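The structure appears below as structure tokens.
Numbering (full-length UniProt numbering), first residue to last: 1 to 453.
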């Protein structure tokens with residue numbers, strides 16, 4: 001597996017370079033982990049547009065609803081210890097709730113099936129106009145009735161996970177942040193992860209950014225504490241830590257803070273997410289979907305100035321994480337794109353010596369393409385595509401500088417020849433796919449414009 005995975009991740013880095021420029025994103029960090037070890041991580045762009053500080057893999061990001069997976073893992077640890085049962089009514093652990101809220105179960109809260117309001121009657125904290133709820137404010141919202149009947153459908157709720165944080169405090173007799181740090185974060189050996197702000201002085205923290213407004217991106221510091229909503233959205237972490245943590249939730253993982261039975265319960269589908277074009281399910285603190293036939297189990301996060309997504313892929317026994325520091329960061333699409341790249345390499349294998357030298361990016365007036373060797377073929381990928389190998393042209397190399405297009409879209413050059421042109425130094429500078437000419441250096445594009453008559 002290592003050879004094809006290494007080749008796939010090398011191309012994933014090149015693809016992400018292009019995607020970052022095309023999307024005009026401030027920064028992104030990507031990591032892949034297996035067996036408790038980070039296999040690959042890359043930082044792209046800047047930590048803060050105001051200063052131009054280079055982003056590194058050590059920078060912390062607000063990872064928002066990833067917090068729910070940590071909280072769910074904490075609840076499952078308490079379940080394993082016999083301190084609670086998933087079918088317990090939450091009111092047996094947390095007093096002062098509306099009668100209907102009190103009747104909901106821990107399992108319903110974990111699976112977002114409790115019917116609890118999403119964010120409360122008002123949630124200005126998501127617009128950075130007010131602090132996040134403290135315990136008194138959260139309890140005031142939980143004293144209100146359910147929005148819909150419990151156990152009637154999937155309905156996402158930050159308040160529900162805030163309530164689970166209160167339950168952890170009531171059962172353990174400790175503050176949520178202290179207990180979860182020791183029992184889940186520390187036990188998972190995640191040295192760069194914390195359940196909320198503030199961080200220790202000197203800890204590198206990426207700044208968040210707004211979307212590309214007509215007047216440009218604005219900076220959002222991202223250092224606000226989330227108080228009683230930390231169990232739902234407070235966590236701060238790195239891509240490397242998250243990739244390792246989500247890999248450890250695979251029931252087949254060799255090491256985890258949870259039993260195999262708990263991991264199976266967390267990561268199996270409990271509810272289908274309704275009214276959504278793409279089929280997705282929710283487990284206990286986890287989202288479950290598919291990319292190119294591969295199951296992905298993980299979570300996303302949206303915090304003012306940050307979008308993130310992490311997942312484990314049981315087929316390969318790996319965890320992935322993509323963190324962005326802008327509110328329009330395409331973390332979800334990029335994670336899916338990386339999985340699609342891995343899928344192609346897993347199917348074809350690492351490039352053979354006969355085609356390894358064909359790798360490179362080529363340019364025309366119309367667009368760029370990447371020649372990507374894998375197995376005994378060369379694929380022409382679209383670096384601008386969110387799945388770069390969708391409908392990719394396949395090339396059979398017939399020599400070091402010649403080949404034939406053996407598979408292409410009907411509108412492309414199926415069956416035609418391929419030729420590379422080399423300069424005196426032996427560097428490939430021209431590529432012909434059928435009759436279409438491409439150059440290795442975009443500066444060599446000869447573009448002329450006629451003035452209108």
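Quick reminder that beta carbons are idealized off the backbone N, C-alpha and C, glycines included. If you're wondering where the values come from, they're calculated on a predicted model, not measured in any experiment.
Check your understanding: Does DSSP put residue 165 in a helix, a strand or coil?
Key -> helix
**Study point:** First and last residue of the uninterrupted beta strand (DSSP E) at residue 312
**Key:** 306–313
Practice item. Just grab the DSSP bridge partners of residue 417 for me. Key: 404
Review point. Just to confirm, does residue 84 get its C-beta within under 6 angstroms of one of the non-hydrogen atoms of the ligand HEM?
Key: You won't find the ligand HEM in this model; it holds no ligand whatsoever.
Point to revise | Range of the contiguous alpha helix (DSSP H) that encloses residue 370 | key: Premise fails: residue 370 lies in the beta strand (DSSP E), 368–374, not in any alpha helix (DSSP H).
Point to revise | Unbroken beta strand (DSSP E) run spanning residue 41, endpoints | key: 37–48
Review point. What does a CB cutoff of less than 8 angstroms around residue 154 pick up in its chain, not counting 5 residues either side in sequence?
Key: Hits under 8 angstroms: 111, 112, 113, 271, 272, 273, 274, 282.
Check your understanding: Should residue 288 be labelled buried (16 or more other beta-carbon atoms within 10 Å of its own) or exposed?
Key -> buried
Check your understanding: Based on the DSSP secondary-structure assignment, which residues constitute the bridge partners of residue 154?
Key -> Residue 154 pairs with nothing; no bridge assigned.
Practice item. Excluding the 5 residues preceding and the 5 following residue 157 in the sequence, name in chain order all residues of the same chain whose CB lies nearer than 6 angstroms to its CB. Key: 112, 116, 118
Practice item. Using the Cα positions of residue 36 and residue 327, report the straight-line distance between them to the nearest angstrom. Key: 30 angstroms
Point to revise | For residue 334 and residue 284, the rounded distance between their alpha carbons | key: 24 angstroms
Review point. Between which two residues does the alpha helix (DSSP H) carrying residue 67 extend?
Key: 66–80
Review point. Leaving out five residues before and five after residue 417 in sequence, what residues of the same chain have Cβ atoms less than 8 angstroms from its Cβ?
Key: Take residue 417, set aside five residues on each side of it, and the residues of its chain with a beta-carbon closer than 8 angstroms to its own are 402, 403, 404, 405, 432, 434, in chain order.
Point to revise | Buried/exposed call for residue 265, threshold 16 Cβ in 10 Å | key: buried
Check your understanding: Are residue 67 and residue 232 closer than 7 angstroms when you measure CB to CB?
Key -> yes
Review point. In terms of DSSP beta bridges, what is residue 33 paired with?
Key: 38, 319
Check your understanding: For residue 261, which option in 73, 13, 29 has the closest C-alpha, if you only look at C-alpha atoms?
Key -> 73
Check your understanding: residue 33 and residue 39 look like a contact to me (Cβ under 8 angstroms); what is the Cβ gap, rounded to whole Å?
Key -> That belief holds up - the Cβ atoms of residue 33 and residue 39 are roughly 6 angstroms apart, short of 8 angstroms.
**Study point:** Short Cβ contact (7 angstroms threshold) for residue 78 with residue 148
**Key:** no
Point to revise | Endpoints, beta strand (DSSP E) assigned at residue 437 | key: 436–439
**Study point:** Proximity to residue 525 [Cα-Cα], best of 394, 235, 371
**Key:** Since the first and last residues shown for the chain are 1 and 453, residue 525 lies out of range.
Check your understanding: Do residue 180 and residue 195 come within 7 angstroms of each other at the CB atom, strictly closer than that value?
Key -> yes
Check your understanding: How should residue 370 be labelled, buried or exposed, when 16 other C-beta atoms within 10 angstroms of its C-beta is the threshold for buried?
Key -> Buried, because 16 or more other Cβ atoms sit within 10 Å of the Cβ of residue 370.
Exercise for review: Report the rounded CA-to-CA distance for residue 346 versus residue 146, giving the unit in angstroms.
Suggested key: 47 angstroms
Exercise for review: Would you mind reading off the limits of the beta strand (DSSP E) that contains residue 379?
Suggested key: 377–381
Exercise for review: Using 10 angstroms around the beta-carbon of residue 325, count the other beta-carbons present and answer buried if the total reaches 16, otherwise exposed.
Suggested key: buried
Check your understanding: Is residue 352 helix, strand or coil when you go by DSSP?
Key -> coil
**Study point:** Beta-carbon proximity of residue 331 to residue 308, cut-off 7 angstroms
**Key:** yes
Check your understanding: Can you list the alpha helix (DSSP H) stretches of 4 or more residues lying completely in the segment 194–253, in chain order?
Key -> Listed in chain order, the alpha helix (DSSP H) elements of length 4 or more contained wholly in the segment 194–253 are 230–233, 239–248.
Point to revise | Separation of residue 127 from residue 421, as counted between CA atoms | key: 55 angstroms
**Study point:** Sequence ranges, alpha helix (DSSP H) only - wholly within the segment 2–27, length at least 4
**Key:** 2–23
**Study point:** Cutoff 7 angstroms; reference residue 391; Cβ partners in own chain excluding five residues on either side
**Key:** Result list for residue 391: 409, in chain order.
Check your understanding: Looking at residue 184 and residue 70, is the spacing between their C-beta atoms short of 7 angstroms?
Key -> yes
Review point. What first and last residue would you give for the beta strand (DSSP E) that runs through residue 431?
Key: 428–433
Review point. Do you know how far the Cα of residue 213 is from the Cα of residue 269?
Key: 38 angstroms
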